[in-house]
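Trainee: Using this note's numbering, the letters of the sequence shown map in sequence onto residues 1192 to 1697.
By construction, the Cβ of each residue, glycine as well, lies at the ideal position given by its N, Cα and C atoms.
All values derive from a computational prediction rather than experimental measurement.
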Amino acid sequence: MQNQGCLLHTAMQNRGARCTRGGAGSLAHLSPQLRGRQVPGQAPTGHPTPGGWCVWGDLEGLPGPRGGSGRTRPPPGSEPPPGTPGAGRGRWRNKSRCRPHSPPPAPPVPARPDPLRPRRSSSPTMPFSNTHNKHKLKFSAEEEFPDLTKHNNHMAKVLTPALYQRLRDKETPSGFTLDDVIQTGVDNPGHPFIMTVGCVAGDEESYEVFKDLFDPVIQDRHGGYKPTDKHRTDLNHENLKGGDDLDPKYVLSSRVRTGRSIKGYSLPPHCSRGERRAIEKLSVTALNSLEGEFKGRYYPLKAMTEQEQQQLIDDHFLFDKPVSPLLLASGMARDWPDARGIWHNDNKTFLVWVNEEDHLRVISMEKGGNMKEVFRRFCIGLKKIEEIFKKAGHPFMWTEHLGYILTCPSNLGTGLRGGVHVRLPKLSQHPKFEEVLKRLRLQKRGTGGVDTAAIGAVFDISNADRLGFSEVEQVQMVVDGVKLLVEMEKKLEQNQPIDDMIPAQK
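(1) Compute the distance between the beta-carbons of Pro1688 and Leu1675, then report whether it is under 8 Å.
(2) What residues are listed by DSSP as bridge partners for Leu1633?
(3) Whole angstroms is fine: what's the gap from Ala1332's alpha carbon to Val1673's?
(4) Look up Tyr1490 in the DSSP assignment and say whether it is helix, strand or coil.
(5) For Pro1516, which residues in the same chain have their Cβ closer than 6 Å to its Cβ, ignoring the five residues on either side in sequence?
(6) Looking at Pro1600 and Gly1522, is the spacing between their C-beta atoms short of 8 Å?
(7) I need the DSSP call for Asp1691, collapsed to helix, strand or coil.
(8) Could you tell me which uninterrupted beta strand (DSSP E) segments, each at least 3 residues in length, are contained entirely in the segment 1454-1504, listed from first to last along the chain?
(9) Which residues does DSSP pair with Tyr1595 in a beta bridge?
(10) Using three-state DSSP, classify Ser1444 as helix, strand or coil.
(11) Answer yes or no: do Arg1467 and Asp1529 have a C-beta to C-beta separation smaller than 8 Å?
(12) Cα-Cα, which of Lys1472, Gly1572, Gln1374 is closest to Gly1393?
(13) When we look at the beta-carbon of Asp1338 and count the other beta-carbons within 10 Å, is it buried (16 or more) or exposed?
(14) Quickly, what does DSSP pair Asn1344 with across the bridge? List them, please.
(15) Suppose contacts are defined by Cβ-Cβ distances below 8 Å. Is Leu1328 in contact with Asp1360 by that definition?
(16) Let me know if Val1627 comes out buried or exposed under the rule of 16 or more other beta-carbons within 10 Å of its beta-carbon.
(17) What's the call for Glu1680, buried or exposed, on a 16-neighbour Cβ count within 10 Å?
(18) Return yes when the Cβ of His1550 is within less than 8 Å of the Cβ of Phe1508, no when it is not.
(19) To which residues of the same chain is Arg1759 closer than 7 Å at the C-beta, ignoring the five residues directly before and after it?
(20) Going along the chain, which residues of its own chain have a beta-carbon closer than 8 Å to the beta-carbon of Gln1665, five neighbours each way excluded?
(21) What number of angstroms, rounded off, separates the C-alpha of Lys1563 from the C-alpha of Gly1434?
(22) Rounding to the nearest angstrom, what Cα-Cα distance links Leu1426 and Ile1652 in this structure?
(23) Considering Ser1515, what are the terminal residues of the alpha helix (DSSP H) in which it resides?
(24) For Asp1506, is the classification buried or exposed, using 16 other Cβ atoms within 10 angstroms of its Cβ as the cut-off for buried?
(25) Relative to the C-alpha of Tyr1398, which residue among Ala1648, Ser1457, His1612 is closest?
(26) Return the residue from the list Asp1537, Gly1659, Glu1482, Ala1648 that minimises the CA-CA distance to His1592.
(27) With a threshold of 6 Å on Cβ separation, who are the neighbours of Val1447 within its own chain once the five nearest residues in sequence on each side are excluded?
(28) Could you tell me the alpha carbon to alpha carbon distance between Pro1173 and Lys1472, rounded to whole angstroms?
(29) Quick one: grab the DSSP three-state call for Pro1291.
(30) For Gln1696 and Ala1583, what's the separation of their Cα atoms in angstroms?
(31) Excluding the five sequence neighbours on either side, which residues of its own chain have a C-beta within less than 7 Å of the C-beta of Leu1615, listed in chain order?
(32) According to DSSP, what are the bridge partners of Glu1680?
(33) The alpha helix (DSSP H) spanning Leu1404 covers which residue range?
(34) Using DSSP's beta-bridge definition, name the partner residues of Gly1450.
(35) Under 8 Å Cβ to Cβ from Arg1632, same chain only, skipping five residues before and after it: list those, please.
Written out as structure tokens, the structure reads:
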């Protein structure tokens, strides 16, 4: 959908629409000159739009309850198009020389829209548009191309000056641009030995509008997954073999989680405050309708004390505060903690995070090594939630090629991470530990998750793949792989070699 003219002109027509960039709700992202802070003795800047001349002005300069005459002016020395009201009668000149006039009558106030309806529409103008991107187009692609010489992420490997020039003037229907996609990767070069993704999606359409960037990033990140490949889904927990016999002496807890995005809403890097609150309201209504073992309650973050939040974080129930530079640079931490929260069942074994990195994060967890039971609860609960959303007219984002659509390209497909906290003091010191994990298609994190250290040699071991393998296949890799890791640990405790146990590449 093409942007039709200036957003502020649209705001004048709609009397009250706000200029936002990704839902910021203000003009703070624009320079003082573009915000129309008029210098005494100078006329404000402006430009022609399909509906007439439009001035860059603060919200208080717009018509409506905030005040302002509603008049617009062209740049100094310009004249409005023929037939424009006031043309040639002095009303377009310096404000001090204008004749008094009455503001135009206000149009009827439209009915308040349903907050639960998606913000996508067939209207030629969207609720917000990337006006800042239009300003950047005054400079050449060469002048705007980011310095990626010291970067180590998938985006930096793919993005070239030619690709940047080809995509820089494109935007999704909600106004998400190429610079929005790549900003987190530009601001965070990454570690020389740790390859990060370096880009995010702002809505469902991002993966199509910017497919020339996303497709090679996805192929690089997901082991050669091609643009023509089709993802497969399998949420039948009965297809999992074993998983109920992981040694609790070593496996301290088990967890399976995934993310889901609600169709019709912008994703967290781009959604507005109103969208985020509508997502929260919709989600709470759906989750509170669950019954039986899934009956539970929602706890909004802004109603919690600091101590309550920290206790839930320490218990691995709640997501941490947004301090990661990757989250901050992508815009996912805006307005924190507004419209964020956690829902969990009465037993605290089935949880849903609302409005963190994705619209929803669905988690099944319990102490010990019974991954079979954790996966059973995960599959049943997730299918119940999806059915409720479908009946309410809000299906989850999904495509045959990418599976479930999520904010980060690394989570496309199943979005699933099945993991255990497992104690491996001997094996973690073995020189082939990393190689073993790679061959098993597993990855390790610290005890507290990503970017944390392992406390007491307790690691968070999980599947490395998301796209191209089904949910059952990914959890099966975790079950089989962790059993082998525990057997290796036991051998090392007895001072026996493990070279003959090192697996072939899966």
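Mentor: On the basis of the supplied data:
(1) Reading the sequence shown from its first residue, position 497 is the one you call residue 1688. Reading the sequence shown from its first residue, position 484 is the one you call residue 1675. No, they are not a contact pair.
(2) Along the sequence shown, read from residue 1 onward, the residue named residue 1633 stands at position 442. Asn1654, per the DSSP bridge assignment.
(3) By one-based count along the sequence shown, residue 1332 stands at place 141. By one-based count along the sequence shown, residue 1673 stands at place 482. Rounded to the nearest angstrom, the two C-alpha atoms are 49 Å apart.
(4) The sequence position of residue 1490 within the sequence shown is 299, counting from 1. It is a strand residue.
(5) Taking the sequence shown and counting its residues from 1, one reaches residue 1516 at position 325. Excluding sequence positions up to five before and after Pro1516, its CB lies within less than 6 Å of the CB of Asn1379, all in the same chain and listed in chain order.
(6) Locating residue 1522 in the sequence shown gives position 331, where the first residue counts as 1. Locating residue 1600 in the sequence shown gives position 409, where the first residue counts as 1. Against a cut-off of 8 Å, the Cβ pair of Pro1600 and Gly1522 comes out as no contact.
(7) Walking along the sequence shown from the start, residue 1691 turns up at place 500. Correct three-state label for Asp1691: helix.
(8) The DSSP assignment places complete beta strand (DSSP E) segments of no fewer than 3 residues inside the segment 1454-1504 at 1487-1491, in order along the chain.
(9) Here residue 1595 refers to the residue found at position 404 of the sequence shown. Under DSSP, Tyr1595 shares a beta bridge with Trp1589, Gly1604.
(10) Position 253 of the sequence shown holds residue 1444. Note: Ser1444 maps to strand in three-state DSSP.
(11) For the purposes of this step, residue 1467 is identified with residue 276 of the sequence shown, where counting begins at 1. For the purposes of this step, residue 1529 is identified with residue 338 of the sequence shown, where counting begins at 1. Yes, the Cβ-Cβ distance between Arg1467 and Asp1529 is below 8 Å.
(12) One-based indexing of the sequence shown puts residue 1393 at position 202. Out of Lys1472, Gly1572, Gln1374, Gln1374 has the C-alpha closest to the C-alpha of Gly1393.
(13) Taking the sequence shown and counting its residues from 1, the one referred to as residue 1338 is at position 147. Exposed, by the Cβ-count rule.
(14) Your numbering for residue 1344 matches position 153 in the sequence shown. Looking at the DSSP output, Asn1344 sits in a beta bridge with Thr1387.
(15) Counting from 1 along the sequence shown, the entry for residue 1328 is found at position 137. Counting from 1 along the sequence shown, the entry for residue 1360 is found at position 169. Yes, these two residues count as a Cβ contact at 8 Å.
(16) Position 436 of the sequence shown, counted from the first residue, corresponds to residue 1627. Label assigned to Val1627: buried.
(17) Within the sequence shown, the letter at position 489 stands for residue 1680. Buried, by the Cβ-count rule.
(18) In the sequence shown, counting from the first residue as 1, residue 1508 sits at position 317. In the sequence shown, counting from the first residue as 1, residue 1550 sits at position 359. Annotated as distal: Phe1508 and His1550, with beta-carbon spacing of 8 Å or more.
(19) A query on residue 1759 cannot be resolved here, the shown segment of the chain reaching from 1192 to 1697 and no further.
(20) The residue given as residue 1665 occupies position 474 in the sequence shown. Within its own chain, the residues whose Cβ lies closer than 8 Å to the Cβ of Gln1665, once the five positions on either side in sequence are excluded, are Thr1605, Leu1607, Gly1609, Asn1654, Asp1656, Arg1657, listed in chain order.
(21) On the sequence shown, position 372 is the one that residue 1563 refers to. On the sequence shown, position 243 is the one that residue 1434 refers to. Each residue's CA atom was taken as its position, placing Lys1563 and Gly1434 some 5 Å apart.
(22) Translated into positions along the sequence shown, residue 1426 becomes position 235. Translated into positions along the sequence shown, residue 1652 becomes position 461. For Leu1426 and Ile1652, the gap between their C-alpha atoms comes out near 21 Å.
(23) On the sequence shown, position 324 is the one that residue 1515 refers to. No residue range can be given for Ser1515, since it is assigned to no alpha helix (DSSP H) and is classified by DSSP as neither H nor E.
(24) Translated into positions along the sequence shown, residue 1506 becomes position 315. Its Cβ having fewer than 16 others within 10 Å, Asp1506 is exposed.
(25) As a first step, residue 1398 is located in the sequence shown; it is residue number 207 there, counting from the start. It is Ser1457.
(26) Against the sequence shown, residue 1592 aligns to sequence position 401. When only C-alpha atoms are compared, the closest one is Gly1659.
(27) For the purposes of this step, residue 1447 is identified with residue 256 of the sequence shown, where counting begins at 1. Excluding sequence neighbours, Val1447 sits near Ser1555, Val1565, Phe1566, Phe1569, Gly1609.
(28) As displayed, the chain neither begins before 1192 nor continues past 1697, which places residue 1173 out of reach and without an answer.
(29) Position 100 of the sequence shown, counting from 1, holds the residue named residue 1291. Here the model assigns Pro1291 a pLDDT of 46, short of 50, so the residue's position is not dependable, and the following value carries that caveat. When secondary structure is reduced to three states using DSSP, Pro1291 falls in the coil class, being assigned neither helix nor strand.
(30) Here the question's residue 1696 lines up with position 505 in the sequence shown. Here the question's residue 1583 lines up with position 392 in the sequence shown. Answer to the nearest angstrom: the Cα atoms are 44 Å apart.
(31) Against the sequence shown, residue 1615 aligns to sequence position 424. Setting aside the 5 residues that flank it on each side, Leu1615 is surrounded in the same chain by Ala1648, Phe1650, Leu1676, Glu1680, each with a C-beta closer than 7 Å to its C-beta; the list follows chain order.
(32) Here residue 1680 refers to the residue found at position 489 of the sequence shown. DSSP links Glu1680 through a beta bridge to no other residue.
(33) For the purposes of this step, residue 1404 is taken as the residue at position 213 of the sequence shown. Counting along the chain, the alpha helix (DSSP H) containing Leu1404 begins and ends at 1402-1412.
(34) The residue you call residue 1450 lines up with position 259 of the sequence shown. According to DSSP, Gly1450 bridges with Arg1552.
(35) What you label residue 1632 is simply residue 441 of the sequence shown in a count that begins at 1. Within its own chain, the residues whose Cβ lies closer than 8 Å to the Cβ of Arg1632, once the five positions on either side in sequence are excluded, are Asn1654, Ala1655, Asp1656, Met1668, Gly1672, Lys1697, listed in chain order.
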